[in-house]
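*Asks:*
In the working numbering, the protein residues as written are 64 to 325.
In C-alpha cells, the structure reads:
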C-alpha cells in the first residue's frame, strides 16, 4: 500500500529550497493552500518563482510570501486586489509574466500531461503574441525585461485560415494545493469553487503536496467522485475542516438591506 500521508505541513514543505518553482492552487481566496503557504513562510524559503492565477491579497494566501519578499517571479492571469504586488512590480522588485487565464490553465494541464506546447487563438494580434509586455521594471520606471515575441502560425479551421500563437507548457519543481477530501493514496476531491486551478496546479508539479480538510482511508471515496487521481499527488497533509477560509470581498445590495430591515 502506498501511504502518502505526512504528519505536518512543515515536514511536507521542508525540502522546498531557495529558488524553487511552485504551481499553487486557488482562485482569488478560494481554495488557497494556506497551511502549506504559511509553513513555507515560516521556514524562510526565498527567491521563489510562483505560477498561480493570482497572488492573494496583502495579508492572505500567496500575499504573505509576497509581503515577506520571498517571491522573485509570478506567472499569473490576474494581479489586482494586492497593493504590495503593485508596488513591488512597478518598483522593479518583482518579475511578472502576465498570461491569459484560459491559456494559463491549459499550460498547467499540458505540463502535467506531457505535452510540450500547443497553439491557441488567445492573444493573437496583441502583445501576448507580438512581445513587448513589461515583465520587470527598472527602479526608474523604464522596462528592464519585456516579453519575447512568440511563434504565430496559420491553420485552416472550418475552411478558413486563422492565426494561432504557440504557448509552451508549464512544469514546476513543486505544487501546493488544497482539497476538501483526500485518501492516503493521494486521491483528491475538491469542494465547489475550490476546484479551480487546484487540479491543474497539482498536475504541473514534479512533487505535488496537498493539504486536505479531511483524510480518509483508501476505498472510502467514491471512485466516480474523485476529481484528481492520486498518481499526481506525492504528499498529503490533513489540516482539519476548521482551517480559516477568507472571503475576498463581501457585498450586500441596498435592496437586500432594506428588505431585511422591513
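Cβ atoms here follow ideal geometry from the backbone N, Cα and C, with glycine treated the same way.
This structure is a prediction, so every number in the text was calculated from the model and none was measured.
Buried or exposed, going by whether 16 or more other CB atoms sit within 10 Å of the CB of residue 201?
*Replies:* It is exposed - the Cβ of residue 201 has fewer than 16 other Cβ atoms within 10 Å.
*Asks:* For the candidate residues 147, 306 and 300, whose alpha-carbon lies nearest to that of residue 272?
*Replies:* When only C-alpha atoms are compared, the closest one is 300.
*Asks:* Under a three-way DSSP split, which group does residue 311 fall into?
*Replies:* If DSSP states are grouped into helix, strand and coil, residue 311 belongs with coil.
*Asks:* In whole angstroms, give me the CA-to-CA distance for residue 287 and residue 149.
*Replies:* Approximately 42 Å between the Cα atoms of the pair.
*Asks:* When DSSP labels each residue in this structure, what does residue 98 get in the three-state scheme?
*Replies:* DSSP places residue 98 in helix when its eight states are reduced to three.
*Asks:* Could I get the ranges of all uninterrupted beta strand (DSSP E) runs contained in the segment 139-203, with 3 residues as the minimum, in chain order?
*Replies:* Fully enclosed beta strand (DSSP E) runs of 3 or longer: 158-161, 180-183 and 197-200.
*Asks:* Using the C-alpha atoms, what's the distance from residue 168 back to residue 109?
*Replies:* Straight-line Cα distance between these residues: approximately 25 Å.
*Asks:* Could you give the distance in angstroms between the alpha-carbon of residue 76 and the alpha-carbon of residue 264?
*Replies:* C-alpha separation (whole angstroms): 16 Å.
*Asks:* Here's a check: name, in chain order, each residue in its chain whose Cβ is nearer than 8 Å to the Cβ of residue 160, leaving out the five neighbours to either side.
*Replies:* Contacts found: 136, 137, 138, 139, 198 and 210.
*Asks:* Kindly list the residues whose CB is nearer than 8 Å to the CB of residue 231, restricted to its own chain and excluding five residues on each side of it in sequence; keep chain order.
*Replies:* If we look at residue 231 and ignore the five residues flanking it on each side, its Cβ neighbours are 170, 179 and 180.
*Asks:* Please name the residue in 116, 227, 158 and 163 whose C-alpha comes closest to that of residue 207.
*Replies:* Minimum Cα distance to residue 207 is reached at 158.
*Asks:* Is residue 106 helix, strand or coil by DSSP?
*Replies:* Three-state DSSP puts residue 106 in a helix.
*Asks:* With DSSP run on the structure shown, which of helix, strand or coil describes residue 207?
*Replies:* Strand at residue 207.
*Asks:* Could you give the first and the last residue of the continuous alpha helix (DSSP H) run that contains residue 74?
*Replies:* Segment 72-75, the alpha helix (DSSP H) holding residue 74.
*Asks:* State the Cα-Cα distance for the pair residue 262 and residue 235, rounded to the nearest angstrom.
*Replies:* Each residue's alpha carbon lies about 14 Å from the other.
*Asks:* At 3 residues or longer, what runs of the beta strand (DSSP E) sit wholly inside the segment 227-310?
*Replies:* Those beta strand (DSSP E) runs which fall completely within the segment 227-310 and span 3+ residues are 235-246, 268-279 and 298-301.
*Asks:* Would residue 259 and residue 89 be called neighbours here (beta carbons separated by less than 8 Å)?
*Replies:* It is a contact, given that the beta carbons lie within the stated cut-off.
*Asks:* Have a look at the DSSP bridge pairing and note the partners of residue 68.
*Replies:* According to DSSP, which records beta bridges pairwise, residue 68 is partnered with 299.
*Asks:* If contacts are defined as beta-carbon pairs under 8 Å, then residue 87 and residue 115 qualify, I think. What distance do you get, rounded to the angstrom?
*Replies:* Indeed they touch by this definition, with Cβ atoms about 4 Å apart.
*Asks:* How is the alpha helix (DSSP H) around residue 128 delimited, first residue to last?
*Replies:* From DSSP, the alpha helix (DSSP H) with residue 128 extends over 126-130.
*Asks:* Throw me the rounded Cβ distance for the residue 228 and residue 186 pair, which I believe falls under 8 Å.
*Replies:* 5 Å between Cβ atoms; contact.
*Asks:* Can you tell me whether residue 294 is buried or exposed? The criterion is at least 16 other CB atoms within 10 Å of its CB, across all chains shown.
*Replies:* When all chains shown are included, residue 294 counts as exposed.
*Asks:* Whose C-alpha, out of 215, 252 and 111, is nearest the C-alpha of residue 290?
*Replies:* Among 215, 252 and 111, the Cα nearest to that of residue 290 is on 252.
*Asks:* Where does residue 317 sit, in a helix, a strand or coil, going by DSSP?
*Replies:* Three-state DSSP puts residue 317 in a helix.
*Asks:* Could you give the DSSP three-state label for residue 133: helix, strand or coil?
*Replies:* Coil.
*Asks:* On a Cα-Cα basis, can you pick out the residue from 256, 182 and 242 that is closest to residue 303?
*Replies:* That would be 242, whose Cα lies nearest to the Cα of residue 303.
*Asks:* Closest to residue 374 by C-alpha separation, out of 134, 196, 107 and 103, would be which residue?
*Replies:* Lying outside 64 to 325, the shown extent of the chain, residue 374 is not represented and no answer is given.
*Asks:* Taking the beta carbon of residue 131 as the centre, do at least 16 other beta carbons fall within 10 Å, making it buried, or is it exposed?
*Replies:* Result: exposed.
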